[in-house]
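Colleague:
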Amino acid sequence: MSIITYSTIGNCAVLTMNRPEALNAITTDMLNLFESQLDAIEKDDSRAVILTGAGRAFCPGSDIKSPPDNVRARIDQVHRLIRRLLEFPKLSIAAINGLALGGGLELALACSFRVAESDAKLGLPEIKIGLMPAYGGTVLLPRLIGAGRAQEMMLGGRSVSGQAALSMGLVNSLFETPEIAVQAAHDFIQPYCNFSQIPQRAIRDAILTGSDASLADALEHEYRLLESVSASDDCLEGVNAFIEKRPPQWKDR
Numbered sequence: 001m002s003i004i005t006y007s008t009i010g011n012c013a014v015l016t017m018n019r020p021e022a023l024n025a026i027t028t029d030m031l032n033l034f035e036s037q038l039d040a041i042e043k044d045d046s047r048a049v050i051l052t053g054a055g056r057a058f059c060p061g062s063d064i065k066s067p068p069d070n071v072r073a074r075i076d077q078v079h080r081l082i083r084r085l086l087e088f089p090k091l092s093i094a095a096i097n098g099l100a101l102g103g104g105l106e107l108a109l110a111c112s113f114r115v116a117e118s119d120a121k122l123g124l125p126e127i128k129i130g131l132m133p134a135y136g137g138t139v140l141l142p143r144l145i146g147a148g149r150a151q152e153m154m155l156g157g158r159s160v161s162g163q164a165a166l167s168m169g170l171v172n173s174l175f176e177t178p179e180i181a182v183q184a185a186h187d188f189i190q191p192y193c194n195f196s197q198i199p200q201r202a203i204r205d206a207i208l209t210g211s212d213a214s215l216a217d218a219l220e221h222e223y224r225l226l227e228s229v230s231a232s233d234d235c236l237e238g239v240n241a242f243i244e245k246r247p248p249q250w251k252d253r
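Read in order, the letters of the sequence shown correspond to residues 1 to 253 in full-length UniProt numbering.
Shown next as C-alpha cells:
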C-alpha cells in the first residue's frame, strides 16, 4: 500500500500518511507523493483537503533512521510543500491524531485549520538533539500563537497536549478518539466549504502576505486583491443572490 494514501469523505479529499510502523515519520518518498497528490487534488471537485496519519500518530517529524542524501535539497523540498499548502487554492485541515512533532507539526501549521485529539502531543522538540526547527516552524508557529509562546515551545523543546494547544490557538477544535479524526476534520471544515473559493483565496493571501509587509504595503496588497475579487463571476453572483433573496450558486471563478 502507498505511503501516502488518497481517499474521500463527503466533499473532502483525504491524504493519509501511511507508515504506521514508523509513526508516519517523513521520508523523501513521502514528500514526492505529497506533491503529486496535491497536483491531482487541485484539479478535482473536492472542496477541501484533510491531512492525517495512519495508526496512533499524525507524524513525529523526519525519519532519523532514513536521513536525506542531501540536506539542502530536503529542506528546499519541504519548503516547497509548506508553501504549496499555504498557497493551495482549496482549504486544508490537519486532523491530528496522537503525536505531531517536529516536521509533522510544521506540516500541520501550513494547513488552513487544525483539529486535534484531546490528549495529542504537539511540539517542536528539535533542540533536544541539538537542532532547530527548519521546516518552517520558526516562521509559522510565532505567527499563530505569538513569539513568546512559540519561544517557550522551541527553546525548551516543550510539547503541549491537544487541550493546551486549543487554549493557545494552536488548534481550532478537539475530538476525543483517534478513530474519528477524519470525520471531526470534515465536520469542522464544512461551514467554510459553503463559500466561494475566490474571496477565500484572497483573504488567505492577504493574511499571508500582510504578516511580514509594512502596513502601507499590506493595505495596498489588500486593495489589489479586492479589485480581483470584485471582478469575479462569484462576486456578481453573490450580490445578485443577496438582492434576489436566494442562495448563491458559486462557480469559484
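Beta carbons are placed, not taken as given, at the ideal position from N, Cα and C, and that holds for glycine.
Along the chain, which unbroken stretches of the beta strand (DSSP E) at least 3 residues long are found entirely within the stretch 138 to 209?
Modeller: 159 to 161 and 173 to 175
Colleague: Inspect the beta-carbon positions of Met154 and Ile127 and report whether they are closer than 8 angstroms.
Modeller: One-based indexing of the sequence shown puts residue 154 at position 154. One-based indexing of the sequence shown puts residue 127 at position 127. Yes.
Colleague: For Arg80, collect the residues of the same chain with a Cβ closer than 8 angstroms to its Cβ; drop the 5 residues on either side in sequence, then sort them by chain order.
Modeller: Here residue 80 is taken as the residue at index 80 of the sequence shown, counted from 1. Contacts found: Glu35.
Colleague: Expressed to the nearest angstrom, what Euclidean distance is found between the alpha-carbon atoms of Thr52 and Pro248?
Modeller: Working through the sequence shown from its first residue, we reach residue 52 at position 52. Working through the sequence shown from its first residue, we reach residue 248 at position 248. Taking the straight line joining both Cα atoms gives about 32 angstroms.
Colleague: I'd like the list of long-range same chain contacts for Met1, defined as Cβ closer than 7 angstroms, with 5 residues on each side in sequence excluded.
Modeller: As a first step, residue 1 is located in the sequence shown; it is residue number 1 there, counting from the start. Cβ within range, chain order: Asn18.
Colleague: Could you have a look at Gly103 and say whether DSSP puts it in helix, strand or coil?
Modeller: For the purposes of this step, residue 103 is identified with residue 103 of the sequence shown, where counting begins at 1. DSSP places Gly103 in helix when its eight states are reduced to three.
Colleague: Going by the DSSP bridge assignment, what does Ile93 pair with across the sheet?
Modeller: What you label residue 93 is simply residue 93 of the sequence shown in a count that begins at 1. Answer by DSSP bridge pairing, in chain order: Ile50 and Phe113.
Colleague: Could you check what DSSP says for Tyr135 in three-state terms: helix, strand or coil?
Modeller: In the sequence shown, counting from the first residue as 1, residue 135 sits at position 135. Tyr135 falls in the coil class under three-state DSSP.
Colleague: Take Ala218 and list the residues in its own chain whose beta-carbon comes closer than 6 angstroms to its own, dropping the five residues that flank it on each side.
Modeller: In the sequence shown, residue 218 corresponds to position 218, counting from 1. Short of 6 angstroms from the beta carbon of Ala218, and not among the five residues preceding or following it, lie these beta carbons of its own chain, in chain order: Gly210.
Colleague: I'd like the list of long-range same chain contacts for Gly238, defined as Cβ closer than 6 angstroms, with 5 residues on each side in sequence excluded.
Modeller: Here residue 238 is taken as the residue at index 238 of the sequence shown, counted from 1. Closer than 6 angstroms at Cβ, skipping near neighbours: Pro248.
Colleague: Below 8 angstroms between beta carbons: does that hold for Glu106 and Pro133?
Modeller: Numbered from 1 along the sequence shown, position 106 holds the residue referred to as residue 106. Numbered from 1 along the sequence shown, position 133 holds the residue referred to as residue 133. Yes.
Colleague: Under 8 angstroms: do the stretch 130 to 148 and the stretch 176 to 188 share three or more Cβ pairs, one atom per stretch?
Modeller: no
Colleague: Just to confirm my understanding: we take Ser159, look at its own chain, exclude 5 residues before and 5 after, and list those with CB closer than 8 angstroms. What are they?
Modeller: Taking the sequence shown and counting its residues from 1, one reaches residue 159 at position 159. Once the five neighbours on either side are set aside, the close Cβ partners of Ser159 are Leu101, Lys121, Leu122, Gly123, Pro125 and Met153.
Colleague: Helix or strand or just coil, what does DSSP make of Ile64?
Modeller: Stepping through the sequence shown from its first residue, residue 64 is reached at position 64. Here Ile64 sits in coil by DSSP.
Colleague: Does the Cβ of Ala150 have 16 or more other Cβ atoms within 10 Å, making it buried, or fewer, making it exposed?
Modeller: Within the sequence shown, the letter at position 150 stands for residue 150. Ala150 should be labelled buried.
Colleague: Give the DSSP-derived three-state secondary structure of Thr8 in the structure shown.
Modeller: Your numbering for residue 8 matches position 8 in the sequence shown. Strand, per DSSP.
Colleague: Can you have a look at Ala116 and say buried or exposed, based on whether 16 or more other CB atoms are within 10 angstroms of its CB?
Modeller: On the sequence shown, position 116 is the one that residue 116 refers to. Buried, since its Cβ has 16 or more Cβ neighbours within 10 Å.
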